[in-house]
Every structure is written in structure tokens, then in C-alpha cells.
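S.K.: The structure is given below, and queries will be raised subsequently.
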Amino acid sequence: MKIAIYHNLPSGGGKRALYEMTRRLAAQHTIDVYTLACAEHDFCDLRPLARRHMVVPFKPLPLARRPFGRINQGLRALTLLRVHRRQQSIARQIDEVGYEVVFAHNCQFIQSPSVLTYLRTPSVYYCGEPPRLIYEPRIARPYNTFTRLQRTVNLVDPFPSLYRAVLARLDRKNVRAATCVLTNSAYSRESLYRVYGIFAQVGYLGVDTKLFRPLSLPKENFIVSVGMINPQKGFDFLIRGLALVEQNRRPTLVIICNNADERERAYLTALAQQLQVTVEIRSLIPDEELVRLYNQARLTVYTPVMEPFGFVPIESMACQTPVVGVREGGVRESVTEGVTGRLVDRDPAALAATLNTLLDRADEIDRLGKNGRTCVEAQWTWDKSVENIEHYLQQTAQGRIT
41 MKIAIYHNLP SGGGKRALYE MTRRLAAQHT IDVYTLACAE HDFCDLRPLA RRHMVVPFKP
101 LPLARRPFGR INQGLRALTL LRVHRRQQSI ARQIDEVGYE VVFAHNCQFI QSPSVLTYLR
161 TPSVYYCGEP PRLIYEPRIA RPYNTFTRLQ RTVNLVDPFP SLYRAVLARL DRKNVRAATC
221 VLTNSAYSRE SLYRVYGIFA QVGYLGVDTK LFRPLSLPKE NFIVSVGMIN PQKGFDFLIR
281 GLALVEQNRR PTLVIICNNA DERERAYLTA LAQQLQVTVE IRSLIPDEEL VRLYNQARLT
341 VYTPVMEPFG FVPIESMACQ TPVVGVREGG VRESVTEGVT GRLVDRDPAA LAATLNTLLD
401 RADEIDRLGK NGRTCVEAQW TWDKSVENIE HYLQQTAQGR IT
């Protein structure tokens with residue numbers, strides 16, 4: 041097939057997933073990539089995989105500094121409209137070439153790319169999640185409290201509601217225009233129905249089992265958790281649970297992140313100090329170090345809030361380190377209770393009880409870890425993932441999905 045891929049992705053898991061998909065699709069099909077200049081190009085570089093790699097110029101509007109920060113949501117709304125128009129022109133370029141199918145991925149501004157609305161070529165959109173900013177409640181934080189004056193001004197400030205309205209309108213329109221929508225879990229499929237009224241197909245993601253593998257390293261007295269430092273990743277819950285583990289058995293928590301909200305980092309640091317939990321934050325580490333830390337950790341603990349899928353559990357399982365995960369979202373689909381790890385409710389005492397039990401059981405950790413590696417090799421490889429995705433691309437190109 042001749043496949044056009046469109047994305048406007050930053051560095052992170054979404055770009056890594058697109059790279060793994062493209063690497064395998066390019067072995068069997070002709071791939072051209074269309075993207076914006078503001079997307080990440082060097083991380084998980086697609087250029088060597090594509091016949092052509094078209095970069096379209098685009099810069100978001102610069103944001104204002106204090107004391108004019110209140111206009112920023114208005115500026116963001118204008119950026120949404122500008123990127124929407126730019127993607128309209130990209131859709132025309134794609135249609136003129138005559139591809140059999142377009143494989144569209146996220147836009148870092150709108151989430152769903154606007155090329156979907158204007159394409160005449162059949163399209164498959166891989167939608168990991170809706171924009172949670174506008175569809176889910178905000179997680180409370182002390183640094184987000186407002187003074188009485190700020191609350192009063194918020195009531196009359198038109199820009200936040202304008203931004204959310206423009207984003208929601210464009211996002212819904214784009215998603216509903218896709219010929220076929222794929223998503224990363226059964227949980228996400230249900231979420232997409234509630235937001236968009238569509239029935240997506242589940243295309244599970246995978247893990248590189250040659251990179252993420254057991255290294256036969258001795259375990260050290262720490263647990264690991266991975267993710268951006270923001271409220272949605274639930275590190276505060278993890279710290280509160282760890283604080284209830286008996287102090288003489290309490291391991292260090294190593295958090296690995298690519299990006300961090302500095303206010304959230306300060307909040308977590310203060311919380312850990314208050315509760316006497318030792319936390320180390322490591323940023324922007326190479327893959328080889330990530331694999332080593334997965335291997336050396338006694339456990340991986342993963343507690344994000346309603347995570348749609350999450351690579352962390354399957355990466356850890358591939359390294360033969362069991363996962364203690366929260367019983368929410370897509371984590372319930374990758375971690376099998378009592379087989380590859382443990383699932384707990386969002387209750388610090390329940391998390392602490394599970395950690396207390398497992399940390400004393402090297403034999404159980406070993407059993408769960410070996411099961412995890414076996415499970416990943418059977419169910420969570422990228423080859424298996426892309427085989428499923430390729431099926432939907434072919435079905436869409438042949439007009440069997442409309």
C-alpha cells in the first residue's frame with residue numbers, strides 16, 4: 041500500500057509508538073510522512089524510514105509574560121485556528137498524491153489532527169485519548185488555589201472558556217471525520233464513545249523486547265515509577281502509600297521522567313520530605329539506563345489517574361520486574377492480578393499493604409517477573425501490535441470500514 045502518515049507529536053511515548061509502527065509498516069509498504077516544523081523530528085526519527093518526509097512550516101503564537109498572562113488562553117485559541125487552517129492545506133497535498141490510506145496521529149495543539157476533517161482519502165486515526173484538559177475534572181493542588189481577587193477576575197475572563205470551546209469543537213469534528221479510529225485499550229474505547237459517540241477499534245501497543253529485556257542484575261533497595269511529573273501521573277498517591285510502609289523496610293522511590301511541571305515537582309518534593317519518603321527524580325535518561333533501572337528495581341509501581349494505557353507496565357514486565365499498579369484505566373488490561381503483578385485500589389493503606397507483602401517475598405517477585413516476561417513475549421510485542429494495525433489500514437483502504 042501507499043500510506044501517508046501525518047503527525048504533529050512532541051518527544052515522548054506517542055512518538056516512540058509511531059516510530060515502532062512506521063519501522064514495521066515501511067518493510068512492507070511505501071511510506072510518506074507529513075508533519076509540522078514544530079513537531080519533534082530527532083527523537084525516534086522517521087526520516088530514514090520514509091520515502092519522503094515533508095515538513096510544513098508552522099510556529100505557534102508566542103505567549104505573553106506577566107502581567108499579561110491572562111491573554112494566553114486567547115493566544116492559544118488563535119493558534120488552534122491557525123494550525124487547523126495549515127492542516128487543511130496539508131490534507132489537499134495528501135489527496136493530490138493518491139495514497140490508498142492516511143494513518144493520522146496526534147496534534148500537540150488540538151489532539152486530533154484537522155487533516156481528518158478535510159481528507160478525501162480514507163483515514164485511520166490512532167487516538168490514544170481525548171484532550172483530558174477539557175473532558176475530565178482538574179486534579180486539586182494547593183498551588184492552583186486562587187485569591188479572592190483572582191477568583192473574581194476568573195468569573196469575567198472570557199479567554200479560558202473561549203479556548204476550551206474552540207478546542208472541543210475542533211477536536212470533536214476531527215475525530216468524527218476519520219474513516220476508522222483505533223485506540224490503545226478497551227478502557228479508551230469506552231472513553232471515546234462517551235466523548236465522541238463513536239465505536240473505536242482496539243489496537244494495543246507493544247514493547248521492544250530486544251531493548252527491554254532481563255539483564256540478570258542484582259536487585260537493589262528501590263522501587264521505580266516512570267512518567268511525566270504532573271498531577272495525572274499520581275506520584276503523590278504513590279508517596280503517601282510508600283510512607284505507610286514500615287520505615288525499616290521502606291525502599292527509595294526512583295521517579296524517571298522526560299518532562300516536569302516544576303510546581304508539581306516542588307509539591308512532590310515537599311510531600312516526600314514531610315512524610316519521610318526518600319525520592320530521587322531522574323530526568324531525560326537514555327533508554328539503556330531506563331532498562332537497567334527497571335532490572336535493578338525490586339518492583340515497578342505505577343499509579344497514574346485513569347491512564348488510558350501506559351507503556352510502563354509492559355516495559356517493566358519485559359525486563360522481568362513485576363508491576364504493582366492501580367486498578368484503573370488501561371492498567372487493568374496490561375497487568376494480570378496475581379500473575380504478572382498486583383492491582384490495588386486508590387487507597388494508600390491498600391498500596392502499603394501490598395508493598396509490605398511483596399517486599400518480603402523475593403520468591404514471589406521472581407515468579408511474577410518471569411510470568412511478566414512470558415506474557416510480554418506472547419501478547420505485547422510490536423510485531424503483534426503492528427500486524428493488527430496493518431489489518432485495519434488494509435480494511436480501510438479497501439473500503440470495508442466506512
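If you're matching positions, the sequence shown starts at 41 in our numbering and goes up one per residue.
Heads up, the beta-carbon is just placed ideally off N, CA and C, and yes, glycines get one too.
Computed from a predicted model, the values in this text were never measured in an experiment.
So, is D211 buried or exposed, given that buried needs 16 or more other C-beta atoms within 10 angstroms?
M.R.: Position 171 of the sequence shown, counted from the first residue, corresponds to residue 211. D211 is buried by the Cβ-count criterion.
S.K.: What's the C-alpha gap between E328 and R110?
M.R.: The residue given as residue 328 occupies position 288 in the sequence shown. The residue given as residue 110 occupies position 70 in the sequence shown. Near 42 Å, if we compare the C-alpha coordinates of R110 and E328.
S.K.: When the Cα of Y59 is compared with those of L89, M41 and C147, which residue comes out closest?
M.R.: Looking up residue 59 in the sequence shown gives position 19. Closest option to Y59, Cα to Cα, is L89.
S.K.: Using three-state DSSP, classify C147 as helix, strand or coil.
M.R.: For this step, residue 147 is matched to residue 107 along the sequence shown. Strand.
S.K.: Just to confirm, is the Cβ distance from Q113 to P50 under 9 Å?
M.R.: For the purposes of this step, residue 113 is taken as the residue at position 73 of the sequence shown. For the purposes of this step, residue 50 is taken as the residue at position 10 of the sequence shown. In this structure, P50 does not lie closer than 9 Å to Q113 by Cβ.
S.K.: Less than 9 Å separating the beta-carbons of V264 and L333?
M.R.: Working through the sequence shown from its first residue, we reach residue 264 at position 224. Working through the sequence shown from its first residue, we reach residue 333 at position 293. A contact, by the Cβ cut-off of 9 Å.
S.K.: Along the alpha helix (DSSP H) that carries I443, what are the first and last residues, could you check?
M.R.: Only positions 41 to 442 of the chain appear in the structure, and residue 443 is not among them; the question remains open.
S.K.: May I have the straight-line CA-CA distance separating Q419 from T394, to the nearest angstrom?
M.R.: The sequence position of residue 419 within the sequence shown is 379, counting from 1. The sequence position of residue 394 within the sequence shown is 354, counting from 1. Cα-Cα distance, rounded: 26 Å.
S.K.: Take the Cβ of Y233 as the centre, count every other Cβ of all protein chains shown within 10 Å, and call the residue buried at 16 or more, exposed below.
M.R.: Locating residue 233 in the sequence shown gives position 193, where the first residue counts as 1. Per the 10 Å Cβ criterion, exposed.
S.K.: Can you confirm whether N224, when its beta carbon is compared against all beta carbons of chain D, has any partner nearer than 9 Å?
M.R.: Looking for chain D here will not work: only one protein chain is present.
S.K.: Whose C-beta lies closer than 8 Å to the C-beta of L222 among residues of the same chain, with five residues either side of it excluded?
M.R.: Mapped onto the sequence shown, residue 222 falls at position 182. These residues qualify, in order along the chain: V164, Y165, Y166, C167, A240, Q241, V242, G243, I429 and Y432.
S.K.: Quick check: R407 and V384, are their CB atoms within less than 9 Å of each other?
M.R.: As a first step, residue 407 must be located in the sequence shown, where it is residue number 367. As a first step, residue 384 must be located in the sequence shown, where it is residue number 344. Cβ atoms of R407 and V384: not closer than 9 Å.
S.K.: Quick one, which of E404, S228 and P258 has its alpha-carbon nearest G378's?
M.R.: Taking the sequence shown and counting its residues from 1, one reaches residue 378 at position 338. With distances taken between Cα atoms, G378 lies closest to E404.
S.K.: Comparing alpha-carbon positions, which option in A208, T292, A226 and R63 lies nearest N350?
M.R.: Taking the sequence shown and counting its residues from 1, the one referred to as residue 350 is at position 310. The residue asked about is misnamed: residue 350 is Gly in this sequence, not Asn. Sorting A208, T292, A226 and R63 by C-alpha distance to the C-alpha of G350 places A226 at the top.
S.K.: Tell me whether the beta-carbon of T361 lies closer than 9 Å to the beta-carbon of G412.
M.R.: To locate residue 361, count along the sequence shown from 1; it is residue 321. To locate residue 412, count along the sequence shown from 1; it is residue 372. A contact, by the Cβ cut-off of 9 Å.
S.K.: Grab me the residues of E213's own chain with a C-beta within less than 7 Å of its C-beta, minus the 5 sequence neighbours each way, in chain order.
M.R.: Locating residue 213 in the sequence shown gives position 173, where the first residue counts as 1. The sequence as given places Lys at residue 213; Glu does not occur at that position. So the qualifying residues of the chain are T157.
S.K.: What residue from V341, R132, S425 and A337 has the CA that sits closest to S256's CA?
M.R.: Here the question's residue 256 lines up with position 216 in the sequence shown. Considering only alpha carbons, the answer is A337.
S.K.: What does the Cβ neighbour count give for P198, buried or exposed, with the cut at 16 atoms within 10 Å?
M.R.: Along the sequence shown, one-based indexing puts residue 198 at 158. The residue is exposed, with fewer than 16 neighbouring Cβ atoms inside 10 Å.
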